[in-house]
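Asker: Its first residue numbered 271, the sequence shown is counted upward by one per residue in our numbering. This structure is in C-alpha cells; I'll ask about it shortly.
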Amino acid sequence: MELALIGLQKSGKTTVFNALTGGHAQTSAFAGGKLEPNIAVVKVPDPRVEKLAEIYKPKKVTHATVKYIDVAGIGRETDSPERGVPEALLQYVSTADALLAVVRGFEDDFHGPAHIAHDVETLHLELIFSDLAKVENRIPRIERALPKLSGKEKEQHQLELHALQKIKPLLEQNLPVRAAELTPEEAKLLRGFQFLTAKPIMYLLNVGEKDLSRGEELARQLEAKGITDQPRTMTAWIAGEVEMEIAQLEGEDREAFLRDYGIAQPASERIIAKSYELLGYISFLTVGPDEVRAWTIPAGALAPQAAGAIHSDFERGFIRAEVVPYEELIRHGSFANAKKLGLCRLEGKNYVVQDGDVINFLFSV
C-alpha cells in the first residue's frame, strides 16, 4: 500500500510524515526549494502476526507494509504560478494508492488561525485543475488522430474519448473523477492517466496540542460540511507535533507519554487502520516454519486472486485453498491441529477471502 501525503504550505505535512513513520525528515526543507520527496516504508501493526510467530517460531516474520511519500506542499513552496499539482510532483503522487491530504487545524504565528474549510476546498480544487488539464490536453489529440485510424485501434480511441468526455463535465463542476459512473472497460482505459481525483482521499486534520481531546469532534465537524459526500472520501485527525514526539520514543517511555496525553492508540496505528478502510483492504495470513506473513488484498477478492498476491503461479495453477480462521487456529494451537479436528475448510475458485483467514494454497503449474 502506497500513500502520498499532500497539503498546502505550513500545514505540518512533514511533521505528520515523521509522526506516522518515526522518521526525522527536516520539516522546513521543502520551503527551501527541495522537491525530492521524503519516503519511508513502515510495518502494518498486526497482533495476529506476532501471535502466530510465537506459535510457529519461523525463520522469518513479514508484516504487510505501507509506503509513505511526503511531497513538497502545493502552492508557494514550489514557486509555481500554475494552478494544480506541479508537474515536478506528479511523478511522485500519481502512483500512490490513496492520498492523505494534510489540513492545518492549528493556529500558526505567521498564518494565524486555521481556515479548515477554505484549505480543504483549495486542496480539492488544485487536484481538480490537475486532472482537468490532462483531459483538456488529451481530448483534442484523440479527435485529431481518429480520422487516420481504423479497426481495433480506432475503436479503443473512441472508447477512450467517450470516457474522457464523460468525466470532463464532472471536473468542470468541481466533482472528482471517482464520482463518475464508468464501466469497467472505461475505468481500465483511464487508469493510465493516474487521475488524482480518481484516488481515494483522506483529509487528515492536523490539530495542535490544545485541541488533542477535540480531534475526533473537529474531524466530524469537517464531515458535516459535506466533504465526505463524494465516494471514497474520509476524514481523520492527528496531533502532528505530539505524535511526532511519541514516534521517537520506545518501550516504557512511549507508553508513559501516551498515558500522560490520554491517547489510547498512536496515530501511526490509527491512520493505517483507517487507510485500510478507505481503500477497502483486508489481510490474510500464511504460516509455516519458514515464514509467518500477512498479505494485503482488496476486500471481496476471490481465493485465486489472493493466491496471486503471493505469486502469479499460485493464481494460474490454483486448485483449492485450505482455510482456517485465525481465531480457530489460535484456539487449537496450530493449522495442523485445526485440520485434524475438521476445522479446515477446502475452498474453491469462488471463495471470497475473509480478513484474518489463514490459508494454504494448493496449486499446480
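Heads up, the beta-carbon is just placed ideally off N, CA and C, and yes, glycines get one too.
Tell me which residue opens and which closes the alpha helix (DSSP H) that Gly521 is part of.
Answerer: Residues Gly521 to Tyr531.
Asker: Please report the distance separating the alpha-carbon of Leu636 from that of Asn630.
Answerer: Coverage of the chain is limited to positions 271 through 635, which leaves residue 636 absent and any answer about it impossible.
Asker: At the level of alpha carbons, what is the spacing between Ala543 and Gly587?
Answerer: Ala543 and Gly587: Cα-Cα distance of roughly 32 angstroms.
Asker: Could you tell me the distance, in whole angstroms, from the CA atom of Ile600 to the CA atom of Thr556?
Answerer: Those two C-alpha atoms are separated by around 14 angstroms.
Asker: At what residues does the beta strand (DSSP E) containing Pro568 begin and finish?
Answerer: That run of the beta strand (DSSP E) goes Glu561 to Pro568.
Asker: Where DSSP assigns a beta bridge to Phe588, which residues make up the other side?
Answerer: Phe633, per the DSSP bridge assignment.
Asker: Between the stretch 352-363 and the stretch 389-405, are three or more C-beta pairs nearer than 8 angstroms?
Answerer: Short answer: they touch.
Asker: Please tell me whether Val623 and Ala608 are closer than 8 angstroms, where the distance is taken between their beta carbons.
Answerer: Cβ distance not < 8 angstroms, so Val623 and Ala608 don't count as in contact.
Asker: Could you check which residue in Val314, Gly485 and Leu434 has the C-alpha nearest to that of Ile552?
Answerer: Closest option to Ile552, Cα to Cα, is Val314.
Asker: Give the single residue among Leu488, Glu451, Lys329 and His427 whose Cα lies nearest to the Cα of Val373.
Answerer: Of Leu488, Glu451, Lys329 and His427, the residue nearest in Cα terms is Leu488.
Asker: Let me know the secondary structure DSSP gives Thr453 once reduced to three states.
Answerer: In this structure, Thr453 counts as coil in the three-state DSSP scheme.
Asker: Based on the DSSP secondary-structure assignment, which residues constitute the bridge partners of Glu309?
Answerer: A quick correction: the sequence has Ile, not Glu, at residue 309. Answer by DSSP bridge pairing, in chain order: Ile339.
Asker: In three-state DSSP terms, what is Ala608?
Answerer: Ala608: helix per DSSP, three-state reduction.
Asker: Starting from the C-beta of Lys337, find all residues in its chain whose C-beta is less than 6 angstroms away, skip the five residues before and the five after it, and write them out in chain order.
Answerer: Answer for Lys337: Glu272 and Val311, listed in chain order.
Asker: Pair every Cβ in the stretch 573-589 with every Cβ in the stretch 530-539, then say whether three or more of these pairs are closer than 8 angstroms.
Answerer: Because the criterion of three Cβ pairs below 8 angstroms is not met, the stretch 573-589 and the stretch 530-539 do not touch.
Asker: Can you look up Arg374 in the DSSP assignment and give me helix, strand or coil?
Answerer: If DSSP states are grouped into helix, strand and coil, Arg374 belongs with the strands.
Asker: Rank Tyr473, Glu430 and Gly462 by C-alpha distance to the C-alpha of Leu393 and give the top, closest one.
Answerer: It is Tyr473.
Asker: From this set, Thr335, Leu275, Glu306 and Leu290, which residue's C-alpha is nearest Arg563's C-alpha?
Answerer: When only C-alpha atoms are compared, the closest one is Thr335.
Asker: Just curious, the beta strand (DSSP E) that Tyr326 is in, first and last residue?
Answerer: Not the beta strand (DSSP E): Tyr326 falls in the alpha helix (DSSP H), residues Pro317 to Tyr326.
Asker: Should Ala606 be labelled buried (16 or more other beta-carbon atoms within 10 Å of its own) or exposed?
Answerer: Classification of Ala606: exposed, given that the 10 Å Cβ count is below 16.
Asker: Among the residues of its own chain, which have a CB less than 7 angstroms from the CB of Asn288, if the five just before and after it don't count?
Answerer: So the qualifying residues of the chain are His294, Ala295, Met514 and Ala517.
Asker: Taking 8 angstroms as the threshold, find out whether the stretch 375-386 comes into contact with the stretch 474-482 through three or more Cβ pairs.
Answerer: They touch, by the three-pair rule.
Asker: Check the DSSP bridge columns for Leu616 and list the partner residues they point to.
Answerer: Glu592, per the DSSP bridge assignment.
Asker: Using DSSP with H/G/I as helix, E/B as strand and the rest coil, what is Gly277?
Answerer: Strand, per DSSP.
Asker: What are the complete beta strand (DSSP E) segments, minimum 3 residues, inside the stretch 363-431?
Answerer: Fully enclosed beta strand (DSSP E) runs of 3 or longer: 368-375.
Asker: Is DSSP giving Ala358 helix, strand or coil here?
Answerer: In the structure shown, Ala358 sits in a helix (DSSP, three-state: H, G or I).
Asker: Assuming Leu275 and Ile339 make a contact with CB atoms under 8 angstroms, what is their CB distance in whole Å?
Answerer: Contact holds; Cβ gap of about 7 angstroms.
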